[in-house]
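Enquirer: I am attaching a structure below and will ask some questions about it afterwards.
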Amino acid sequence: MGKSVKELRDLYAAKMEAAETASRVGDSEKRDLTAEEFTAFEKLEEEAQDIKRQLDQAEKLEKFQQQRAAGNAAAGGGVPGNKASSDGDQRDLSKFSIARLVQRKIEGLSLDGIEDEVVKEGFAEAARRGIMPAGNVVIPYELFAMNKEGRDMIQAGLMAKRDLTATGGTNGDQGGITVSTQVGRLLNALFNKVVLRQMGATFLPNLSGNLDIPRLVKGTSPTYKTETGAADETSPTLTKASLVPHRLPTFIEVTSQLLRQSQENLEQILMSYLIDELSSIFDRMGIQGSGSANQPTGILNTVGIGAVFAGGAASNATNANGAAPVWADFPNLYREIAVDNADVDSMGYLVNPLMVAKLQTTEKASNTAVFIMPEGAKTINGMKAGVTNNVPSNLTKGTSTDCSAAIFGNFRDLWMGTWGGIDLMINPYSRDTEGIVRINAAMFGDCAVVRPESFSAGKDFKV
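Here the numbering used here = 1-based position in the sequence shown + 12.
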């Protein structure tokens, strides 16, 4: 029987490490490799590339089989779940504990069991992608990309604003509640909804280098001529969008006592933040990232998207301080991309909850009781509508500082890339005299609208 994908990944990582070691045997003596040493290095490199070819084939076959299985599950009403690991792997991963991992690192002990396997796979994954982790722990993307319930974990990290202590009970320091022997299930914090994947955005996980996405921009069109008339030159231009890694770092501080006394509830605290906080932040960047101060550029700040003005206005100057939405605004948002022939693929509207409440009480025409967004509907203008507080409600126009945005577009032309898994650094020393452990984390991601013509937005809706 052939080796599994995981076995091939481990073999490849080990062989690459051996080749790296062989390439440096002369470093300590500050000399070049001898002929024999270079031959040994070449042999290891060739073996690594042979394993890589086997791994590529195995991954391709596994992906095909998983897609078939996912299709069968979806046809039967089930959830495809994690496409990167088997049922057995999922059962093993369910035993993975960040709390145990952190505790062993603090105590200077080597990792064992599932924690050791997961971290090794994290470093192996980083090596395959040409990434040099800065931390002493790497959580692999491929194993945790999606659990069996279909929960997306692409954007993951740690985020906290207050220290947690085992005895704390005051507002802002409530770690002590997790030590009780009769604590119920810990409830997660509430975060802005992550919607861009369901809207159809193109996600590119596990990038390594920078990614340029070139495209042609239509030039002048040819015209009919007489029998001997000279042809017109059509001159399309070439432009590009780029994805480069933007670092999103954070840390959480936890007391050693809490780590020792409350593993299970601590697990929920850490994993909740790993999944939800950075996922929501990355989604927000796709919508409204400024493109400055190290942020990616989101849809609303992309140059060249179509502009619509609230209240059915023909120009930005019509309503100096914004206006309430009317029915015409939403066909107008559609029009802006349709006139550029971009009304294809994954089209939909993206609004915030304040806009939903307004549209559900705003008639298309007076005295008809027909509302722009009917009660309970998940559509606007017959197309899907995504709702999240990541769509801003604090935009400024004139004297108004509470304007909301509304977006329409072909979301497939929003590309969102991530580089590797979660880079963790467990630091028990920065506040060791206080018995506090700091866990630093970072993820790297970027987003880009690859065709600005595919989106339109209004930014002056008074709701």
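Even glycine gets a Cβ: it sits at the ideal position worked out from N, Cα and C. These figures come from a predicted structure and were not determined experimentally.
Whole angstroms is fine: what's the gap from P257's alpha carbon to L219's?
Expert: For P257 and L219, the distance between alpha carbons rounds to 9 Å.
Enquirer: Can you find the residues in the same chain that come closer than 6 Å, C-beta to C-beta, to W339, ignoring five residues on each side of it along the sequence?
Expert: So the list reads K376 and I384, once near-sequence residues are dropped.
Enquirer: Of all the options S291, D22 and K55, which has the alpha carbon lying nearest to the alpha carbon of A31?
Expert: A31 has its Cα closest to that of K55, out of S291, D22 and K55.
Enquirer: For my contact list, F473 and S412 are in at a C-beta cut-off of 8 Å; report their separation, rounded to the angstrom.
Expert: Incorrect: roughly 10 Å between the Cβ atoms, too far for contact.
Enquirer: How is N313 classed by DSSP in three states: helix, strand or coil?
Expert: The answer is helix: DSSP assigns N313 an H, G or I state.
Enquirer: Mind checking which residues open and close the alpha helix (DSSP H) that includes T408?
Expert: Note, T408: premise wrong, no alpha helix (DSSP H); beta strand (DSSP E) at L407 to K409.
Enquirer: Does the region 331–346 come close enough to the region 314–322 to have 3 or more Cβ pairs within less than 8 Å?
Expert: In short, these stretches touch, since the Cβ pair count reaches three.
Enquirer: Straight-line CA distance for A25 to D62?
Expert: Rounded to the nearest angstrom, the two C-alpha atoms are 12 Å apart.
Enquirer: Is the beta carbon of A454 closer than 8 Å to that of L255?
Expert: No.
Enquirer: 8 Å is my cut-off, CB to CB: does Q300 come that close to chain D?
Expert: Although the question refers to chain D, the structure presented lacks it and comprises just one protein chain.
Enquirer: Which residue or residues does DSSP assign as beta-bridge partners of D435?
Expert: Paired residue(s): V150 and A454.
Enquirer: When you compare only the Cα positions, how much space is there between T309 and L362?
Expert: Near 17 Å, if we compare the C-alpha coordinates of L362 and T309.
Enquirer: Specify the secondary structure class of L219 as computed by DSSP and reduced to three states.
Expert: The answer is coil: DSSP assigns L219 none of H, G, I, E or B.
Enquirer: Do three or more CB pairs link the region 257–268 to the region 441–453 at distances below 8 Å?
Expert: Yes, the region 257–268 touches the region 441–453.
Enquirer: For L371, collect the residues of the same chain with a Cβ closer than 6 Å to its Cβ; drop the 5 residues on either side in sequence, then sort them by chain order.
Expert: These residues qualify, in order along the chain: I384 and M385.
Enquirer: Could you pull the DSSP bridge partners for I224 from this structure?
Expert: This sequence places Asp at residue 224; Ile is not what is there. BP columns for D224 point to S254.
Enquirer: With respect to the alpha helix (DSSP H) encompassing V131, which residues constitute its N-terminal and C-terminal limits?
Expert: G125 to R140 is the span of the alpha helix (DSSP H), which, as asked, contains V131.
Enquirer: What does DSSP give as the partner residue(s) for G429 in the beta ladder?
Expert: BP columns for G429 point to L216 and D458.
Enquirer: Can you list, in chain order, the residues of its chain whose CB lies under 6 Å from that of K222, leaving out five sequence neighbours each side?
Expert: Strictly speaking, residue 222 in this sequence is Asn, with Lys absent from that position. Around N222: V256.
Enquirer: Give a yes or no on contact between the region 129–137 and the region 422–431, applying the rule of three or more CB pairs nearer than 8 Å.
Expert: Contact between the region 129–137 and the region 422–431 is absent, because fewer than three Cβ pairs lie under 8 Å.
Enquirer: Do the region 298–305 and the region 393–404 touch if we need at least three Cβ pairs shorter than 8 Å?
Expert: Flag = yes, the region 298–305 and the region 393–404 touch.
Enquirer: Specify the secondary structure class of L260 as computed by DSSP and reduced to three states.
Expert: Strand, per DSSP.
Enquirer: Can you give, in chain order, each stretch of the beta strand (DSSP E) that sits fully within the region 13–43 and has at least 3 residues?
Expert: Within the region 13–43, no complete beta strand (DSSP E) run reaches 3 residues.
Enquirer: By DSSP's criteria, I392 is part of a beta bridge. Which residues make up the other side?
Expert: According to DSSP, which records beta bridges pairwise, I392 is partnered with M395.
Enquirer: Would you call the CB atoms of F456 and W427 closer than 8 Å?
Expert: No; because the gap between Cβ atoms is not below 8 Å, this pair is not in contact.
Enquirer: With a floor of 3 residues, list each beta strand (DSSP E) that falls wholly inside the region 323–389, ordered by position along the chain.
Expert: The region 323–389 contains these whole beta strand (DSSP E) runs: 359–363.
Enquirer: Please state the DSSP three-state secondary structure of Y236.
Expert: Of the three classes helix, strand and coil, the one that applies to Y236 here is coil, per DSSP.
Enquirer: Would you list the one or two residues that DSSP bridges to T249?
Expert: DSSP, once it has assigned bridges, lists V229 as partnering T249.
Enquirer: Can you tell me which residues form a DSSP beta bridge with E265?
Expert: Per DSSP, R450.
Enquirer: Give me the DSSP bridge partner(s) of I419.
Expert: Answer is L362 and A469, bridged to I419.
Enquirer: Can you tell me the Cβ-Cβ gap for P3 and N306, rounded? I've got them flagged as a contact below 8 Å.
Expert: The structure shown has nothing for residue 3, since the chain only spans 13 to 475.
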